[in-house]
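Q:
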Amino acid sequence: MINKGQFLIALPSLIVALVIYKMPGKDVARVAAQIMGDLFSGYLVGWVLAIIAIMGWYFHARYQRRIADREIKRICSERNRLQSEKVGSKLPSSKG
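Our numbering numbers the first residue of the sequence shown as -9 and each following residue consecutively.
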């Protein structure tokens, strides 16, 4: 299984969704109104900025992994081409 980092996002989201699902309807509305009030008053600005920074880090890391993967493939192709030129024939693969 390949880890692409979604677990760190999914777990807290799942916990929040479960808590909201278990709450009575009037309490959900009250909590939502409180959160919106705190956002507009500036109390939660630090949290919002932290979430934006984490999302930026996530997408940048994903972008960097793609670039590194392409570069590794390019280098491998170039190495194989140069080895074939040097030996004069195509070499067998070292993949097991």
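Every residue gets a Cβ at the ideal spot worked out from N, C-alpha and C, and that includes glycine. Keep in mind it's a predicted model, so treat the numbers as computed, not measured.
Is residue 27 helix, strand or coil when you go by DSSP?
A: Three-state DSSP puts residue 27 in a helix.
Q: Tell me the residue span of the alpha helix (DSSP H) that contains residue 2.
A: -3 to 12 is the extent of the alpha helix (DSSP H) around residue 2.
Q: Please return the same chain residues whose Cβ sits closer than 8 Å to the Cβ of residue 81, not counting the five positions on each side in sequence.
A: The residues are 70, 73 and 74.
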